[in-house]
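Trainee: This note's numbering applies: residue 95 is where the sequence shown begins, and numbers increase by one.
Heads up, the beta-carbon is just placed ideally off N, CA and C, and yes, glycines get one too.
Remember, predicted model here, so these are calculated numbers, not experimental data.
I'd like to ask some things about the structure below.
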Amino acid sequence: MKYVLKSEQLVLFFLTVIFFPFATNLPWYFYAGLFFAPDLAFIGYSVNSKIGAILYNILHHQGIWMIVALIGFSTGTEWLLGLGITFVGHSAFDRIFGYGLKYFDSFHNTHLGIIGNNKK
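Next up, the structure:
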C-alpha cells in the first residue's frame with residue numbers, strides 16, 4: 095500500500111508541474127521560487143511541537159490548496175491559482191518521500207508513519 099500511495103503522489107506532483115504553465119501565464123520562477131515556501135512552517139517548531147504541527151499541516155494540506163486553486167480559477171486570480179497548484183505540488187513531493195501531516199507530539203510522527211532516525 096505504501097508504494098500505491100507514493101505513486102499516487104508522484105502522479106499528482108508531475109501533474110502540477112505539467113499543468114502549471116497551461117493553467118497560468120505566470121513565469122516558471124513563480125513555481126520554482128515558491129515551491130519550498132510551505133517549509134517555512136518549520137519556524138513554528140521553534141515555539142513548540144503543537145504550533146509547528148498546526149502550521150505545517152495547514153501549509154501542507156492538499157485539500158486547502160486545491161480549494162485555493164479553485165478560487166483562483168473561478169475568480170480569474172492567476173497568482174492564487176498558481177499558488178494553489180504550487181503548494182499542492184510541494185505537498186505531493188513531500189509525501190513521495192514519506193513526509194506526511196504531523197501529529198502534535200513530534201515532527202517525526204506523521205500520518206504516513208514515523209520518519210527520520212526515530213523509526214522503531
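Looking at C-beta atoms only, is the number of pairs between the stretch 190 to 208 and the stretch 163 to 182 that lie closer than 8 Å three or more?
Mentor: Contact fails: fewer than three Cβ-Cβ distances are below 8 Å.
Trainee: Using the C-alpha atoms, what's the distance from T118 back to F108?
Mentor: As a position in the sequence shown, residue 108 is number 14, starting the count at 1. As a position in the sequence shown, residue 118 is number 24, starting the count at 1. For F108 and T118, the distance between alpha carbons rounds to 16 Å.
Trainee: Comparing alpha-carbon positions, which option in Y197, H205 and G207 lies nearest A147?
Mentor: To locate residue 147, count along the sequence shown from 1; it is residue 53. Checking every option, the nearest Cα to that of A147 belongs to Y197.
Trainee: Is the beta carbon of Q103 less than 7 Å from the beta carbon of A186?
Mentor: Residue numbering aside, residue 103 sits at position 9 when the sequence shown is read from its first letter. Residue numbering aside, residue 186 sits at position 92 when the sequence shown is read from its first letter. Yes, the pair counts as a contact, with Cβ atoms nearer than the cut-off.
Trainee: By the DSSP assignment, the alpha helix (DSSP H) with T171 in it spans what residues?
Mentor: Looking up residue 171 in the sequence shown gives position 77. Looking at the DSSP string, T171 is not in any alpha helix (DSSP H), and its letter there is neither H nor E.
Trainee: Taking Cβ to Cβ, would you say S157 is nearer than 7 Å to L149?
Mentor: Counted from its first residue, the sequence shown places residue 157 at position 63. Counted from its first residue, the sequence shown places residue 149 at position 55. Correcting the residue identity first, residue 157 is Gly in this sequence and not Ser. For G157 and L149, no; Cβs fall outside 7 Å.
Trainee: Which term fits H184, buried or exposed, when burial requires 16 or more other beta carbons within 10 angstroms of its beta carbon?
Mentor: The residue given as residue 184 occupies position 90 in the sequence shown. When all chains shown are included, H184 counts as buried.
Trainee: Measure from the alpha carbon of A126 to the alpha carbon of each residue in K96, S101 and V182, then state which is nearest.
Mentor: Looking up residue 126 in the sequence shown gives position 32. Closest by alpha carbon: V182.
Trainee: Tell me the residue span of the beta strand (DSSP E) that contains L200.
Mentor: Within the sequence shown, residue 200 is the residue found at index 106, counting from 1. This sequence places Ser at residue 200; Leu is not what is there. Run containing S200: S200 to T204, per the beta strand (DSSP E) assignment.
Trainee: What span of residues does the alpha helix (DSSP H) with T110 cover, start to end?
Mentor: Here the question's residue 110 lines up with position 16 in the sequence shown. Note, T110: alpha helix (DSSP H), K96 to A117.
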